[in-house]
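Heads up, the thing below is written out as C-alpha cells.
Residue numbers (the numbering used here): 2 to 403.
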C-alpha cells in the first residue's frame, strides 16, 4: 500500500477545473457576484441600442410684453428617437454583447481553474513532502547507525577522526533536511488554507492522465480566452466603425395639450396630438479615423496574442512531457534497484542468522530498501503535479486522454 493513501481522504476533489466546491466560502461568494456582474453587464450591452421612451410634462404661464395677453399651456407627452438602421451597428452591438459575455466568462473560469490548480499543487506537494519526511527519518536511522559504527571503529583505532567526522556531518545535514521538510509541510497546510475551508488531509484527488496535445492546445484557457477576446474586439471594432456611417432614426412624439387664454375668447383648446417621421444622419467627426484605428489595432493585437498563446502552451506541453519522462525513468531505475536490494537483503538475512553479518548491516539495507520504495511514490506524485498543471490550464469539457 502506498504511504500517502494512509492519509484517509474523505472529500473528493472535483475533476472539473471550473468547479468551486472545495474553494473557501469567501471565494465562492466572490465568483457568484462576479458571475452576476457579467450577466448584468451582458443584459446592459445587449439592449443598449434601444433608445429610452422619454416622458415629459410641463405647465407654462405666458404673458405677452407687446400685447399684454395672458395664457397658460399644460402639456403631457411621450417621445422616442429610435435608430432602426446603423449600417450594421445594431447587429454588431448585440453580437458584441454575446462575445464580451463569453470572453468575461472564460476569464472568470480561468481564474477559478488557477485557484483549483494551486490548491491541488498544495495537496500534492504536501503528500510528496510527507513521503520525503518518511525517507528522511529512514536516512537518519542509517546516519545514526553509521555514526555509532564509526565511533566504535575510531575508539578501537581502526579509523581516523576524518571518517567519524564525515559521519557526524552527514547526520547533521540530514537532521537539517528533516527540519526543512517539516517546515515545508506546515507551509503547505497554510497555503491550502488560503483557498479552501477543508483540511489538507481530507481532500481526495483524482488520478490524472495525459491529454492529447491537440486537445490541450484547442482547450487551453489562454488560447480560448485570447480567441474569445479577439472576437469581442473584432465586433467592437465593427460597432465603432458603424457609428461613423449613416444611420436612420424613427422619431415619434404623442401627447395631450391644454391651452387657456385669459384675454381672448374662443381661443381655449384641449386635445391630443402626435407626430412621426424618419431622420437620416451622417456624423462628421474629426477624430473618427483615430477611434476606428484604435479599435482595429486592439483587434489585430489580440490576433497576435492567440498565436503567442499557442506557442507558449505548446512549449509548456513539451516541457511537461520531458519532465514526466524523467520521473518515469527514475521510477524504472528505482524498480531495478529494489530487485537488487531484495536479493541482497535475503542474502544478508541468511548471513546474520549464520552469524557472519551484524544486525546493523541488515537494518541499514532494509532502511535503504524502504527509502528506494518511497522514491517510486514520490516520483509518481511528481508526475501527477505535472499532469495537474496541464489539466488545470485547459477547459475540462472535451478532455481526451492518451
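Each residue gets a CB set at the ideal place from its N, CA and C atoms; glycine is no exception. These numbers come from a predicted model, not from an experiment.
C-alpha distance - residue i paired with residue j, whole-angstrom precision
i: residue 2; j: residue 341; result: Residue placement at residue 2 is poorly supported in this model, since its pLDDT is 32, which falls under 50; the coordinates still yield a value, given next. Distance between the alpha carbons of residue 2 and residue 341 is about 21 Å.
i: residue 385; j: residue 88; result: 54 Å
i: residue 241; j: residue 228; result: 20 Å
i: residue 328; j: residue 390; result: 15 Å
i: residue 19; j: residue 124; result: 18 Å
i: residue 363; j: residue 192; result: 40 Å
i: residue 84; j: residue 278; result: 12 Å
i: residue 289; j: residue 245; result: 7 Å
i: residue 382; j: residue 144; result: 26 Å
i: residue 332; j: residue 372; result: 13 Å
i: residue 149; j: residue 376; result: 26 Å
i: residue 216; j: residue 224; result: 11 Å
i: residue 270; j: residue 79; result: 20 Å
i: residue 239; j: residue 183; result: 58 Å
i: residue 121; j: residue 222; result: 17 Å
i: residue 323; j: residue 102; result: 37 Å
i: residue 378; j: residue 132; result: 8 Å
i: residue 46; j: residue 95; result: 7 Å
i: residue 396; j: residue 218; result: 10 Å
i: residue 353; j: residue 360; result: 6 Å
i: residue 188; j: residue 321; result: 25 Å
i: residue 272; j: residue 60; result: 15 Å
i: residue 204; j: residue 365; result: 35 Å
i: residue 347; j: residue 181; result: 35 Å
i: residue 190; j: residue 200; result: 8 Å
i: residue 249; j: residue 211; result: 56 Å
Beta bridge counterpart(s) of residue i as assigned by DSSP
i: residue 82; result: 252
i: residue 59; result: 76
i: residue 170; result: According to DSSP, which records beta bridges pairwise, residue 170 is partnered with nothing at all.
i: residue 395; result: 221
Residue from the options with nearest C-alpha to residue i
i: residue 420; options: 144, 134, 198 and 331; result: Only positions 2 to 403 of the chain appear in this structure, which leaves residue 420 out of reach.
i: residue 119; options: 148, 397, 137 and 23; result: 23
i: residue 64; options: 74, 186, 28 and 101; result: 74
i: residue 77; options: 259, 318, 204 and 354; result: 259
i: residue 43; options: 356, 97 and 214; result: 97
i: residue 106; options: 33, 309 and 326; result: 33
i: residue 40; options: 295, 100 and 235; result: 100
i: residue 257; options: 275, 47 and 250; result: 275
i: residue 170; options: 343, 286, 196 and 141; result: 141
i: residue 263; options: 360, 62, 316 and 292; result: 62
i: residue 307; options: 91, 234, 322 and 109; result: 234
i: residue 196; options: 30, 305, 388 and 48; result: 30
i: residue 167; options: 180, 157, 152 and 156; result: 152
i: residue 128; options: 147, 202, 114 and 115; result: 202
i: residue 58; options: 304, 255 and 349; result: 255
i: residue 316; options: 180, 115 and 214; result: 214
i: residue 35; options: 86, 110 and 51; result: 110
i: residue 336; options: 253, 380, 156 and 161; result: 380
i: residue 176; options: 72, 161 and 139; result: 139
i: residue 86; options: 302, 50, 71 and 161; result: 50
i: residue 343; options: 358, 370, 355 and 319; result: 370
i: residue 251; options: 28, 48 and 52; result: 52
i: residue 232; options: 286, 300 and 209; result: 300
i: residue 284; options: 302, 247 and 154; result: 247
Buried versus exposed call for residue i [16 or more other C-beta atoms within 10 Å across all chains shown]
i: residue 130; result: buried
i: residue 136; result: buried
i: residue 93; result: buried
i: residue 173; result: exposed
i: residue 314; result: buried
i: residue 159; result: exposed
i: residue 54; result: exposed
i: residue 6; result: Because the pLDDT at residue 6 is just 33, under 50, the model does not fix this residue reliably, and the point stays unresolved.
i: residue 237; result: buried
i: residue 90; result: buried
i: residue 330; result: exposed
i: residue 226; result: buried
i: residue 401; result: Unreliable placement is indicated for residue 401, whose pLDDT of 43 sits below 50; the coordinate value is still reported in the next sentence. Its Cβ having fewer than 16 others within 10 Å, residue 401 is exposed.
i: residue 334; result: exposed
i: residue 156; result: exposed
i: residue 220; result: buried
i: residue 113; result: buried
Practice problem: Jot down the residue ranges of each uninterrupted beta strand (DSSP E) in the stretch 247 to 311, minimum 3 residues, whole runs only, in chain order. | Solution: 248 to 262 and 270 to 282
inquiry  = List, from N- to C-terminal side, the beta strand (DSSP E) runs of 3 residues or more that fit wholly inside the stretch 321 to 378.
reply    = The stretch 321 to 378 contains no whole beta strand (DSSP E) run of 3 or more residues.
* Asked: Which whole runs of the alpha helix (DSSP H) in the stretch 66 to 147 are 4 residues long or more, in chain order?
  -> none
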